[in-house]
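I have placed the structure first, in the form of structure tokens, so that the comments after it can refer back to it.
Right, dumping it as structure tokens:
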């Protein structure tokens, strides 16, 4: 296997490219986001993932600008944000992006996603039409979705003018989402994997620990490497400097086919979808 590099990118179906690993900002307060994001970029991260519902886009934008002022080229960076489910629909999504664009303070956003699908007929497609127009305006390079299943993706692929470049879904050894990842791949859609460490569950997995011992790596590093070798773009999150560095220390080893098979068999088929969108609309639900 060819050794991967931290600067490596994957091609998207629209001609752009995406870094093979990113930095998630869910749960990071707006007041802390500037320094955390700046530190992450200066330590080597080039993909930064945020969203309206994280309530930290202003701080994330300041951290990005601080890094640019420190000499990092904007072209090296890949910035992701998302439209929340309360802003679904053509007009609402358009206005939500305008607000995100202003909060981030950037000339353009690299990738804009529909954060969660709606169960209401026509709403996903109307929202997608808004993203298509935003992309055509030049303020977004690529557009995609998050938490969409096969049927929801199929509607966008069939009815939309633009094919989603990305589907961001939970991916970790305890929840591979293998069928949906394969469907993404069949349709030339890159899988971004959020919660790649399973909310910390990977740290207690004996199989991951055993593989880690062979490579002098932590269980978390093994889980992230497993994502990379599957072609999934993981977006781990942490506010701790040492973990930021550790989560990028993945490029001096490779997993064997046997080790990958062992990890693949960890999957507990976790249910990651909420019971229904109707229930989601009654409460905030998952912020991922």
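Residue numbers (full-length UniProt numbering): 1 to 288. Just so you know, even glycine gets a beta-carbon here, dropped at the ideal spot from N, CA and C. Since this is a predicted model, take the numbers as computed values, not measurements.
Practice problem: Go to residue 219, then tell me how far its alpha helix (DSSP H) extends in each direction, as first and last residue. | Solution: Bounds of the alpha helix (DSSP H) holding residue 219 are 219-230.
Quiz prompt | Validate contact between the segment 202-222 and the segment 171-185 using beta carbons, cut 8 angstroms, 3 pairs | solution = Segment contact: the segment 202-222 against the segment 171-185, three or more CB-CB distances shorter than 8 angstroms; contact assigned.
Quiz item: Hey, residue 113 and residue 144: beta-carbon distance below 8 angstroms or not?
Solution: Yes. Within cutoff.
Quiz item: Taking all protein chains shown into account, do 16 or more other C-beta atoms lie within 10 angstroms of the C-beta of residue 138, making it buried, or fewer, making it exposed?
Solution: So residue 138 counts as exposed.
Quiz item: By how many angstroms is the C-alpha of residue 122 removed from the C-alpha of residue 148?
Solution: Between residue 148 and residue 122, the C-alpha separation is close to 15 angstroms.
Self-check item: Exposure of residue 101, with buried meaning 16 or more beta-carbon neighbours within 10 Å
Solution: The residue is buried, with at least 16 neighbouring Cβ atoms inside 10 Å.
Practice problem: Spatial neighbours of residue 117 within its chain, please: CB distance less than 6 angstroms, with the 5 preceding and 5 following residues excluded, ordered by chain position. | Solution: Closer than 6 angstroms at the Cβ level, and outside the excluded window around residue 117, lie 124, 148 and 152.
Quiz item: Should residue 20 and residue 12 be called a contact, given that it needs their Cβ atoms to be closer than 8 angstroms?
Solution: Cβ atoms of residue 20 and residue 12: not closer than 8 angstroms.
Exercise. For the beta strand (DSSP E) containing residue 168, list its first residue and its last residue.
Key: Element bounds for residue 168: 166-170.
Practice problem: Please report the residue range of the beta strand (DSSP E) in which residue 266 lies. | Solution: Looking at the DSSP string, residue 266 is not in any beta strand (DSSP E), and its letter there is neither H nor E.
Quiz item: Straight-line CA distance for residue 26 to residue 195?
Solution: Distance between the alpha carbons of residue 26 and residue 195: 10 angstroms.
Quiz prompt | Coarse secondary structure for residue 113, derived from DSSP in three states | solution = DSSP, reduced to helix, strand and coil, places residue 113 within a strand of the structure shown.
Practice problem: Could you tell me whether the Cβ atoms of residue 37 and residue 63 are closer together than 8 angstroms? | Solution: For residue 37 and residue 63, yes; Cβs fall inside 8 angstroms.
Quiz prompt | 6 angstroms Cβ shell around residue 88 - same chain, five flanking residues per side excluded | solution = Correct list, in chain order: 118, 123 and 127.
Self-check item: Buried/exposed call for residue 232, threshold 16 Cβ in 10 Å
Solution: Around the Cβ of residue 232, a 10 Å sphere holds 16 or more other Cβ atoms; the residue is buried.
Exercise. Would you identify the three-state DSSP class for residue 162, choosing helix, strand or coil?
Key: In the three-state scheme derived from DSSP, where H, G and I count as helix and E and B as strand, residue 162 is classed as coil.
Quiz prompt | 8 angstroms Cβ shell around residue 108 - same chain, five flanking residues per side excluded | solution = Counting only Cβ-Cβ distances below 8 angstroms, and skipping sequence neighbours, we find 138, 139, 140 and 141.
Quiz item: Are residue 97 and residue 80 touching if we call contact CB-CB under 8 angstroms?
Solution: No, they are not a contact pair.
Quiz prompt | Unbroken beta strand (DSSP E) run spanning residue 192, endpoints | solution = Boundaries of the beta strand (DSSP E) harbouring residue 192: 190-194, taken from the DSSP string.
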